[in-house]
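Residue numbers (numbering that gives the first Met the number 0): 0 to 186.
We put the CB at the ideal spot given by N, CA and C, even for glycine.
What follows is one structure encoded as structure tokens, with my remarks underneath.
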Amino acid sequence: MNEDALCPGLGDYLMAQARNNHWSNHRLHSACLRLPSAEYYANRPSFFGSIHIHLDHIVFVDWLYLERLTGEQYLPADVGDELHKELAPLVEDQATADRALIEYCAAATPETLSSVVSFRLLDGTQYTEPVGSVLAHLFTHQIHHRGQVHDMLSATSVAPPQLDEFFLNSDLSLRESELKALNLPIE
């Protein structure tokens, strides 16, 4: 990110969040791919009722905000209540969304981050928000719902993965091979 960022470090922070998002989704999806189908789709006491619906919601919202930020279409025109019926295509689409967010943050200038974007919520309410705030909200949204999936995994036959080993140098050896596989910088 540019050294003349809106707030000192804001661009770097958002870029780190975009990379962390990709890595965290990779870890969480890797665990979910090991689940038996019955456990993955099982109805559970949670925000959306199952691990699958939570993960589907995350990629839906990522694409929705990417559309709002870029003006490009990511969501299918005929999107219904559920984007994906199965995990494998969901994982592919989430990785595509993650890479698009990384590219967006990498290209963002101080002017981009301080500019505003106008959009309608799903209920039709119109809002105008600073781009930097929209990105911060999006990363918080992802963390919120990944935490719910992480909790639901603790009640399955697959242990939830560690998701907080991204930022510290002391944790580098715990994430380095995954960062290489995802083509993310080793920092």
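Buried or exposed: where does residue i fall if 16 or more other Cβ atoms within 10 Å of its Cβ makes it buried?
i: Ser32; result: Before going further, note that residue 32 is Leu rather than Ser in the sequence given. Burial call: exposed.
i: Ala17; result: buried
i: Ser176; result: exposed
i: Gly10; result: buried
i: Ile185; result: exposed
i: Cys6; result: In this predicted model, Cys6 has a pLDDT of only 49, less than 50, meaning its place in the structure is not dependable; the value taken from the coordinates is given anyway. Cys6 comes out exposed.
i: Asn1; result: With a pLDDT of 40 at Asn1, under the threshold of 50, the modelled position of that residue is not reliable, and no figure is offered here.
i: Gln72; result: exposed
i: Thr155; result: buried
i: Pro75; result: exposed
Quick one, are the C-beta atoms of residue i and residue j less than 9 Å apart?
i: Arg117; j: Gln125; result: Per the sequence shown, residue 117 should be read as Ser rather than Arg. Yes; because the gap between Cβ atoms is below 9 Å, this pair is in contact.
i: Ala107; j: Val90; result: no
i: Asp127; j: Tyr103; result: Rather than Asp, the amino acid found at residue 127 in this sequence is Thr. No, the Cβ-Cβ distance between Thr127 and Tyr103 is not below 9 Å.
i: Leu112; j: Leu34; result: no
i: Leu181; j: His28; result: no
i: Asn24; j: Arg119; result: no
Mapping the DSSP letters down to three states, classify residue i as helix, strand or coil.
i: Asn1; result: Confidence is the limiting factor: at Asn1 the pLDDT is only 40, short of 50, which leaves the residue's position unreliable, though a coordinate-based value still follows. Here Asn1 sits in coil by DSSP.
i: Glu110; result: helix
i: Val60; result: helix
For residue i, write down the residues that DSSP places opposite it in a beta bridge.
i: Val78; result: Answer by DSSP bridge pairing: none, since Val78 is not bridged.
i: Val116; result: Glu128
Query raised in the report: Which whole runs of the alpha helix (DSSP H) in the segment 154 to 186 are 4 residues long or more, in chain order?
Result: 171 to 180
Requested in this report: Tell me the start and end of each unbroken beta strand (DSSP E) in the segment 118 to 157 that is at least 3 residues and wholly inside, in chain order.
Outcome: 125 to 129
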